[in-house]
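Peer 1:
Number of protein chains: 4
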Amino acid sequence: MASSLDDYEQLASLLLPAGVRDFVAGGSGSETTLRRNRSALDAVTVTPRVLTGVSSPDPSTRLLGTPAAMPVAVAPMAYQQLVHPDGELALARAAAHAGIPYVISTLSSRPLEKIAAEATTWFQLYWLRDRSMVESLIDRAEQAGCAALMVTVDVPVMGRRLRDVRNSFQLPAEVVAANLVGARTEAHVGVAGASAVATHTASAFEPSLSWNDLEWIRRRCRLPLVVKGILDPRDARCAAEAGAEAVVVSNHGGRQLDGAPASIDALAAVVEVANCEVLLDSGVRSGTDVLRALALGASGVLIGRPLLWAMAVDAAAEALGLLTAELTQAMMLAGCATVADVAELTTGRA
Amino acid sequence: MASSLDDYEQLASLLLPAGVRDFVAGGSGSETTLRRNRSALDAVTVTPRVLTGVSSPDPSTRLLGTPAAMPVAVAPMAYQQLVHPDGELALARAAAHAGIPYVISTLSSRPLEKIAAEATTWFQLYWLRDRSMVESLIDRAEQAGCAALMVTVDVPVMGRRLRDVRNSFQLPAEVVAANLVGARTEAHVGVAGASAVATHTASAFEPSLSWNDLEWIRRRCRLPLVVKGILDPRDARCAAEAGAEAVVVSNHGGRQLDGAPASIDALAAVVEVANCEVLLDSGVRSGTDVLRALALGASGVLIGRPLLWAMAVDAAAEALGLLTAELTQAMMLAGCATVADVAELTTGRA
Amino acid sequence: MASSLDDYEQLASLLLPAGVRDFVAGGSGSETTLRRNRSALDAVTVTPRVLTGVSSPDPSTRLLGTPAAMPVAVAPMAYQQLVHPDGELALARAAAHAGIPYVISTLSSRPLEKIAAEATTWFQLYWLRDRSMVESLIDRAEQAGCAALMVTVDVPVMGRRLRDVRNSFQLPAEVVAANLVGARTEAHVGVAGASAVATHTASAFEPSLSWNDLEWIRRRCRLPLVVKGILDPRDARCAAEAGAEAVVVSNHGGRQLDGAPASIDALAAVVEVANCEVLLDSGVRSGTDVLRALALGASGVLIGRPLLWAMAVDAAAEALGLLTAELTQAMMLAGCATVADVAELTTGRA
Amino acid sequence: MASSLDDYEQLASLLLPAGVRDFVAGGSGSETTLRRNRSALDAVTVTPRVLTGVSSPDPSTRLLGTPAAMPVAVAPMAYQQLVHPDGELALARAAAHAGIPYVISTLSSRPLEKIAAEATTWFQLYWLRDRSMVESLIDRAEQAGCAALMVTVDVPVMGRRLRDVRNSFQLPAEVVAANLVGARTEAHVGVAGASAVATHTASAFEPSLSWNDLEWIRRRCRLPLVVKGILDPRDARCAAEAGAEAVVVSNHGGRQLDGAPASIDALAAVVEVANCEVLLDSGVRSGTDVLRALALGASGVLIGRPLLWAMAVDAAAEALGLLTAELTQAMMLAGCATVADVAELTTGRA
Ligand SMILES: Cc1cc2nc3c(=O)[nH]c(=O)nc-3n(C[C@H](O)[C@H](O)[C@H](O)COP(=O)(O)O)c2cc1C
Ligand SMILES: Cc1cc2nc3c(=O)[nH]c(=O)nc-3n(C[C@H](O)[C@H](O)[C@H](O)COP(=O)(O)O)c2cc1C
Ligand SMILES: Cc1cc2nc3c(=O)[nH]c(=O)nc-3n(C[C@H](O)[C@H](O)[C@H](O)COP(=O)(O)O)c2cc1C
Ligand SMILES: Cc1cc2nc3c(=O)[nH]c(=O)nc-3n(C[C@H](O)[C@H](O)[C@H](O)COP(=O)(O)O)c2cc1C
């Protein structure tokens with residue numbers, strides 16, 4: 001049994017093929033941003049309050065209008081069957097069990113409808129070159145009952161992830177992009193010295209999106225709209241103007257532009273100007289990290305890799321339970337009865 | 001023979017069971033705050049003065065009105081019999097020998113009256129769910145001649161200390177909470193993957209205290225009142241308003257909210273607003289550290305773990321003698337005749 | 001096949017004699033500045049923009065009026081035959097292939113005319129004691145079709161490079177300063193505990209140059225003039241006043257004054273006051289590094305050692321291709337269509 | 001042959017007894033200040049100037065009116081016979097050879113008159129409890145032709161140097177305090193767990209000096225007066241008011257108050273207020289370090305340990321030659337013709 005979310009990485013590493021482990025763990029370039037996500041979070045101090053009369057803190061909240069047992073959603077992550085035979089279904093069930101939203105990736109290895117049946121979900125959209133496919137995905141997500149649409153804007157092309165390049169990483173035959181027509185793709189064709197997943201992305205994704213396209217989506221789709229992958233406050237303002245209900249301050253877990261700031265370091269400036277809800281991801285690993293993000297102004301966080309590691313050892317629900325417990329306890333120790341109280345805490349940098 | 005307080009940890013580690021060693025040494029979560037306590041103290045520079053005509057500095061002072069041979073008190077620490085058969089008695093004797101106050105923990109493994117007979121003591125109060133027990137403890141402390149009441153406010157629940165969780169740490173049968181009715185408790189019942197001490201705390205402590213409760217104590221108790229576990233200046237002000245004579249700026253030695261600031265980093269802001277005496281603990285390991293805290297505005301410090309390590313090798317008095325010598329020498333080298341002079345030194349961060 | 005420019009150092013180290021490897025890799029003194037070049041670049045964050053509608057970024061630009069397929073030129077580096085039998089010809093061909101300028105060192109091991117025939121080149125001038133040789137070099141560069149004259153001003157004497165001193169480094173007989181009369185020099189005569197290359201430089205270079213000399217060159221030479229080796233903004237201003245079209249902010253790859261600032265840290269202040277184009281070198285190793293320099297105001301960079309390592313394994317063209325790909329991708333991920341857009345990105349220090 | 005001053009420590013460590021090596025190398029307490037002396041110097045950047053027309057920089061200067069071939073004096077260091085049979089004579093000869101002042105320690109192992117015969121010297125005074133001895137030392141120094149009197153004020157007692165404590169360090173019989181009556185002292189009597197040298201100092205030195213005593217010296221002695229061991233700008237002002245011609249910003253090489261700032265970090269504030277010459281020591285190891293100190297406002301530096309290491313391998317003159325070469329070259333690379341030019345360079349912190 002794990003005693004912290006970090007433990008799952010160790011445990012999963014014993015089981016997973018090295019290529020898969022690296023695909024999940026890796027970042028882009030020299031992984032500067034990947035490492036900085038952690039060092040920046042570690043440097044944030046949160047000053048607890050005392051004697052506030054809290055007996056049992058309530059970590060529940062609403063994220064984008066969706067009720068959530070804690071201010072955490074499962075980050076959209078592609079191809080979850082890589083780490084567990086049940087793929088997305090397993091992790092969605094764990095999210096449902098924990099009472100938090102699960103974000104379905106465009107590149108899920110199970111059909112979005114199947115996943116949406118398991119939990120409160122949001123649908124994450126990658127913009128495909130084929131606009132009719134985009135329309136179809138949005139419609140399917142609405143019909144499947146997804147509660148929000150999350151448009152990921154930081155992947156015009158995939159970041160250069162050297163681990164995958166060195167491993168000539170490709171998807172195993174049984175893991176497919178289940179939502180796409182022609183699910184077997186370049187992602188399954190190994191090329192020495194290249195990432196097949198990146199090759200597929202390059203051919204399938206539309207790289208040249210603009211705010212006009214986002215407005216088009218805004219008109220096209222009734223669901224609350226979240227723009228994922230914002231770091232510059234100017235873009236946060238654009239997102240709100242284009243009609244987004246929320247942005248996710250994110251560097252994609254250090255997987256896109258190496259050299260981008262840690263998302264926790266970018267958060268406060270975005271919160272200051274954004275006229276919308278602000279979520280954060282990239283590097284969150286504990287209840288204390290959630291507290292840090294909330295204290296710096298986020299309304300919630302997405303959490304990615306730790307849940308894949310946990311899932312690999314059949315412990316995703318346990319991991320989310322642990323995170324809930326950690327956050328509840330951190331709130332207790334910080335004297336916060338509610339998620340709103342956390343925003344009143346003083347933060348610093350050590 | 002040890003030449004610095006840090007040496008005792010090495011020496012004691014050879015003797016103590018691993019579970020006990022970890023219980024004493026450990027912090028909560030990923031131990032960020034535990035480590036930062038040291039790195040932050042190490043970063044504080046104190047600029048010495050010269051030719052001040054000091055021939056033999058006098059480290060003596062008053063802490064909360066109690067005369068003290070140096071501006072140091074022994075921090076309240078539970079279950080001292082874990083490290084020495086005489087438990088609290090041994091460490092209280094060493095404090096008496098060194099001429100400094102000894103703080104008796106609510107969770108002492110010897111009855112508070114026995115300990116109070118050995119030294120000038122203060123009594124540390126954890127708020128138990130059973131308010132009649134709280135009243136009884138306060139009364140007993142007053143009657144036993146304790147010179148102050150220290151209310152610890154940073155343990156609504158115990159921090160998640162992963163070492164204890166991983167060790168499934170429980171108290172040995174012979175070590176009990178001697179001041180409590182029903183001294184044998186959940187703390188003695190091992191549970192795999194959990195800290196029995198934390199379980200006991202959760203069931204015994206009242207988590208939802210407020211400033212009203214502190215005011216109730218203030219009315220109930222004639223002794224000088226100290227609030228231990230303050231990091232936010234707003235809380236220091238509340239404490240003084242509620243009638244406390246002093247606060248202890250403390251993160252509980254990095255054992256409660258992981259991610260809290262180092263207490264030395266929180267000190268100056270508290271000193272600035274507090275209308276009362278300000279003590280500090282968490283990480284103090286040498287005469288230079290005492291000097292750092294005084295130069296930043298504390299009137300004194302509490303010292304914890306090093307004295308348990310020393311006690312484990314029957315050297316608590318020696319350790320306090322060493323600390324006195326170090327502080328006296330540091331004052332000498334800084335050109336300070338008295339404890340008050342130290343507050344005039346310039347500090348910096350390296 | 002390498003997946004990042006850093007890989008070439010490992011690969012080349014297997015092939016090159018230790019003395020040559022150290023001559024290339026080393027810096028001066030305790031190599032503080034050498035290390036800082038990297039740590040300072042790593043600390044620069046660049047905040048990407050999103051949804052800018054870029055489909056295929058164009059990294060092409062003009063450097064000093066010379067068209068360049070990306071804002072990168074090959075730094076002038078002496079004696080390239082040390083790492084490859086074709087010497088400068090091989091690297092110039094790679095530059096031509098990549099569509100970027102190649103800077104010919106005064107100390108090239110092939111005659112400048114031969115090199116200039118292979119690529120768009122600039123000529124780097126070291127000031128020799130014999131002024132008629134300087135005149136002749138300038139004339140030869142003009143006649144050979146070099147497109148700019150780069151005067152290196154940070155080598156009045158060679159920095160004390162301890163690796164070369166410890167290796168008693170000397171040039172092998174077949175590697176000569178092909179542009180100089182009497183190409184076989186002190187650089188070929190080993191002296192225990194000394195760098196023969198430094199000895200040669202000391203005897204051949206004129207150490208006491210002044211801005212008057214630069215003005216003399218300005219009058220003497222029709223080509224665009226670049227002053228290489230500027231760190232102080234006051235000197236950047238002098239350079240522009242003396243008629244230079246550009247300066248290179250550079251600490252010579254940490255090989256001259258140990259203790260000098262990282263060039264990336266010196267860049268912004270130079271850009272602010274310089275009335276001319278500003279290039280940068282020293283430590284650039286990736287597309288992200290180029291982005292960092294551009295975002296901080298450089299119009300381009302020079303890149304040195306990585307190309308020698310790549311050349312040693314016959315992969316200089318590959319390396320430049322990789323760099324182009326990295327930069328294009330970094331621009332894409334940062335939402336930049338053109339090199340000019342990069343200057344609008346926000347930078348920070350982590 | 002060494003290629004940097006640091007090399008001598010390695011070389012000497014092979015020869016010297018461990019106790020002596022530690023006595024020389026060690027600092028006080030946890031050696032925080034000792035380490036910081038280096039890390040702070042390493043962090044200082046100096047921005048070179050170019051094209052200043054310097055052909056051969058002149059490092060010569062005057063220190064306290066004494067002509068010096070470079071802005072460096074040999075720091076006063078006790079008991080030099082510990083590392084070389086000729087003791088102080090050997091190092092004084094090296095200083096004379098290098099053309100720089102040698103500072104004779106009160107605790108020299110050869111009589112001050114013998115040392116003064118070998119070089120331009122200053123005399124360093126420790127205040128002995130026996131004031132008649134102090135008077136006699138001052139008179140002897142004047143008569144022996146010492147050119148300045150340096151009063152060390154940061155040793156009211158010796159810092160607690162744990163290496164010496166752990167080694168129970170004592171002087172070998174043949175090494176004595178040759179200037180003192182009763183040269184064989186407590187310093188020769190080993191006590192387990194104590195430094196015999198510290199014990200001797202405690203009994204011989206007068207701890208309670210004040211500015212009045214300095215004024216007394218000022219009246220008593222015709223030589224230029226230097227106060228060594230200043231870190232607080234307020235003390236620098238006092239020193240000038242008491243009639244000192246100079247102060248040495250120094251933390252005694254990290255051997256006195258552990259936790260004191262690095263002397264290079266304390267320098268600028270002292271320079272700003274001091275109405276006198278300002279020297280610096282503690283951690284200087286290279287020509288670049290000298291440049292750093294001068295650029296931050298010192299008129300010169302003292303250098304300690306590296307010369308003992310060099311002396312131990314009969315290379316003190318070589319070491320000083322190396323330092324002169326390094327400084328001359330650093331000046332050249334920074335574009336400085338004279339020591340005064342160095343003060344115009346821009347400094348920063350990396
Ligand atoms: C294996 C993996 C796959 C991912 N797939 C997607 C995806 O399909 N869509 C998306 O928007 N983000 C994707 N991400 C990024 C995550 O949504 C999230 O931004 C990131 O993982 C957060 O950082 P963390 O893993 O440090 O918590 C993926 C991340 C990983 C690790
Ligand atoms: C083993 C142990 C037991 C402790 N028990 C108590 C306690 O019963 N009551 C309390 O207020 N603090 C307790 N503390 C916290 C200490 O009073 C003090 O805040 C902390 O140890 C100071 O940090 P230091 O150990 O780094 O000096 C305990 C600390 C340790 C290490
Ligand atoms: C082996 C070597 C030889 C060099 N020779 C010259 C030269 O002849 N002329 C010159 O101006 N700079 C010379 N330099 C400095 C480079 O032009 C450039 O400033 C430096 O290498 C940039 O740093 P980088 O290697 O970290 O990219 C040389 C550098 C190296 C590593
Ligand atoms: C072995 C040793 C002996 C010393 N003895 C004296 C002394 O007798 N008087 C004095 O003023 N300083 C003494 N010092 C301090 C030096 O003068 C000087 O402040 C210090 O060594 C400078 O730092 P550095 O060794 O890092 O260059 C001594 C230092 C050492 C290392």
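Chains as they are written, first to last, in UniProt numbering: chain A, 1 to 350; chain B, 1 to 350; chain C, 1 to 350; chain D, 1 to 350. Quick reminder that beta carbons are idealized off the backbone N, C-alpha and C, glycines included. These figures come from a predicted structure and were not determined experimentally.
Less than 7 Å between C-beta atoms, sequence neighbours within five positions excluded: which residues of the same chain meet that for residue 328/B?
Peer 2: The count along the second sequence starts at 1 and reaches residue 328/B at position 328. 57, 59, listed in sequence order.
Peer 1: Work out the CA separation of residue 197/C and residue 336/D for me, nearest whole Å.
Peer 2: Start at 1 with the first residue of the fourth sequence, and residue 336/D comes out as number 336. Start at 1 with the first residue of the third sequence, and residue 197/C comes out as number 197. One C-alpha to the other measures close to 24 Å.
Peer 1: Does the CB of residue 49/D have a neighbour CB from chain C at under 7 Å?
Peer 2: Here residue 49/D is taken as the residue at index 49 of the fourth sequence, counted from 1. Chain C contact via Cβ: present.
Peer 1: Helix, strand or coil: how does DSSP classify residue 217/B here?
Peer 2: As a first step, residue 217/B must be located in the second sequence, where it is residue number 217. Residue 217/B: helix per DSSP, three-state reduction.
Peer 1: Taking 6 Å as the line, does the beta carbon of residue 4/A fall inside it for any heavy atom of ligand 3?
Peer 2: For the purposes of this step, residue 4/A is identified with residue 4 of the first sequence, where counting begins at 1. Checking the Cβ of residue 4/A against ligand 3 gives no.
Peer 1: Please confirm if residue 42/D has its CB atom under 7 Å from at least one CB of chain C.
Peer 2: On the fourth sequence, position 42 is the one that residue 42/D refers to. For residue 42/D, the answer is yes, since a Cβ of chain C falls inside 7 Å of its Cβ.
Peer 1: Straight-line CA distance for residue 166/D to residue 303/B?
Peer 2: Along the fourth sequence, one-based indexing puts residue 166/D at 166. Along the second sequence, one-based indexing puts residue 303/B at 303. Using only the alpha carbons, I get a separation of about 24 Å.
Peer 1: Of all the options 65/C, 25/C, 15/C, 71/C, which has the alpha carbon lying nearest to the alpha carbon of residue 325/C?
Peer 2: If you number the third sequence from 1, residue 325/C lands on position 325. Nearest option by C-alpha distance: 71/C.
Peer 1: So that I know if they touch, is there some Cβ in chain D lying closer than 7 Å to that of residue 121/B?
Peer 2: Taking the second sequence and counting its residues from 1, the one referred to as residue 121/B is at position 121. Answer no: the Cβ-Cβ gap between residue 121/B and chain D never drops below 7 Å.
Peer 1: What's the C-alpha gap between residue 246/A and residue 99/A?
Peer 2: The sequence position of residue 246/A within the first sequence is 246, counting from 1. The sequence position of residue 99/A within the first sequence is 99, counting from 1. Near 20 Å, if we compare the C-alpha coordinates of residue 99/A and residue 246/A.
Peer 1: Cβ of residue 163/A within 6 Å of any heavy atom in ligand 1?
Peer 2: Counted from its first residue, the first sequence places residue 163/A at position 163. Result no, Cβ not under 6 Å from ligand 1.
Peer 1: Closest Cβ-Cβ distance between residue 407/D and chain C: below 7 Å?
Peer 2: Any answer about residue 407/D is impossible in this case: the structure gives chain D only from 1 up to 350.
Peer 1: Would you please state the rounded distance, in angstroms, between the beta carbons of residue 273/A and residue 233/A? I believe it to be under 8 Å.
Peer 2: As a first step, residue 273/A is located in the first sequence; it is residue number 273 there, counting from the start. As a first step, residue 233/A is located in the first sequence; it is residue number 233 there, counting from the start. Indeed they touch by this definition, with Cβ atoms about 5 Å apart.
Peer 1: Compare the C-beta of residue 294/B with all C-beta atoms of chain D and state if any pair is closer than 7 Å.
Peer 2: In the second sequence, residue 294/B corresponds to position 294, counting from 1. Closer than 7 Å: no.
Peer 1: Measuring alpha carbon to alpha carbon, tell me which residue in 342/C, 128/C, 137/C is nearest residue 203/C.
Peer 2: As a position in the third sequence, residue 203/C is number 203, starting the count at 1. Of 342/C, 128/C, 137/C, the residue nearest in Cα terms is 128/C.
Peer 1: Along the chain, where does the alpha helix (DSSP H) that runs through residue 324/C open and close?
Peer 2: For this step, residue 324/C is matched to residue 324 along the third sequence. Looking at the DSSP string, the run of the alpha helix (DSSP H) that includes residue 324/C is 316-334.
Peer 1: In angstroms with no decimal places, state the Cα-to-Cα distance between residue 187/C and residue 109/C.
Peer 2: Residue numbering aside, residue 187/C sits at position 187 when the third sequence is read from its first letter. Residue numbering aside, residue 109/C sits at position 109 when the third sequence is read from its first letter. Near 12 Å, if we compare the C-alpha coordinates of residue 109/C and residue 187/C.
Peer 1: Report the rounded CA-to-CA distance for residue 293/D versus residue 261/C, giving the unit in angstroms.
Peer 2: Within the fourth sequence, residue 293/D is the residue found at index 293, counting from 1. Within the third sequence, residue 261/C is the residue found at index 261, counting from 1. Cα-Cα distance, rounded: 16 Å.
Peer 1: Quick one: is the Cβ of residue 303/A within less than 6 Å of any heavy atom of ligand 1?
Peer 2: What you label residue 303/A is simply residue 303 of the first sequence in a count that begins at 1. Correct: residue 303/A has its Cβ closer than 6 Å to ligand 1.
Peer 1: Looking at C-beta atoms only, is the number of pairs between the segment 11-28 of chain C and the segment 67-83 of chain C that lie closer than 8 Å three or more?
Peer 2: Contact between the segment 11-28 of chain C and the segment 67-83 of chain C is present, because at least three Cβ pairs lie under 8 Å.
Peer 1: Can you pull the chain C residues whose beta carbon is under 7 Å from the beta carbon of residue 211/A, in chain order?
Peer 2: Taking the first sequence and counting its residues from 1, the one referred to as residue 211/A is at position 211. Result: 51.
Peer 1: Would DSSP call residue 40/A helix, strand or coil?
Peer 2: Taking the first residue of the first sequence as position 1, residue 40/A is located at position 40. In this structure, residue 40/A counts as helix in the three-state DSSP scheme.
Peer 1: If we call anything under 7 Å between Cβ atoms a contact, is residue 151/B one with residue 112/B?
Peer 2: Here the question's residue 151/B lines up with position 151 in the second sequence. Here the question's residue 112/B lines up with position 112 in the second sequence. The answer is no: Cβ separation not under 7 Å.
Peer 1: Which residues of chain D have a Cβ atom closer than 8 Å to the Cβ of residue 230/C, listed in chain order?
Peer 2: The sequence position of residue 230/C within the third sequence is 230, counting from 1. Neighbours of residue 230/C on chain D, chain order: 50.
Peer 1: So what does residue 122/A bridge to, in DSSP terms?
Peer 2: Indexing the first sequence from 1 puts residue 122/A at position 122. Note: residue 122/A sits in a beta bridge opposite 103/A.
Peer 1: Can you round the beta-carbon distance between residue 63/C and residue 101/C to whole angstroms, since I take them to be within the 8 Å contact cut?
Peer 2: Mapped onto the third sequence, residue 63/C falls at position 63. Mapped onto the third sequence, residue 101/C falls at position 101. Rounded, the Cβ-Cβ distance is 6 Å, consistent with contact.
Peer 1: Any beta carbon from chain A within less than 7 Å of residue 70/C's own beta carbon?
Peer 2: To locate residue 70/C, count along the third sequence from 1; it is residue 70. Not an interface residue.
Peer 1: Relative to the C-alpha of residue 200/B, which candidate in 218/B, 170/B, 217/B has its C-alpha closest?
Peer 2: On the second sequence, position 200 is the one that residue 200/B refers to. Measuring from the Cα of residue 200/B, the nearest candidate turns out to be 170/B.
Peer 1: Out of 347/A, 74/A, 25/A, 249/A, point me to the one whose CA is closest to residue 104/A's CA.
Peer 2: For the purposes of this step, residue 104/A is taken as the residue at position 104 of the first sequence. For the residues 347/A, 74/A, 25/A, 249/A, the minimum Cα distance to residue 104/A belongs to 74/A.
Peer 1: May I ask you to verify whether the segment 222-232 of chain C touches the segment 30-38 of chain D, counting CB pairs closer than 8 Å and requiring at least 3?
Peer 2: Flag = no, the segment 222-232 of chain C and the segment 30-38 of chain D do not touch.
Peer 1: In chain order, what are the residue ranges of uninterrupted alpha helix (DSSP H) at least 4 long that sit wholly in the segment 115-195 of chain D?
Peer 2: The qualifying runs are 131-143, 162-167.
Peer 1: Does DSSP put residue 64/A in a helix, in a strand, or in coil?
Peer 2: Translated into the one-based positions of the first sequence, residue 64/A becomes position 64. Here residue 64/A sits in coil by DSSP.
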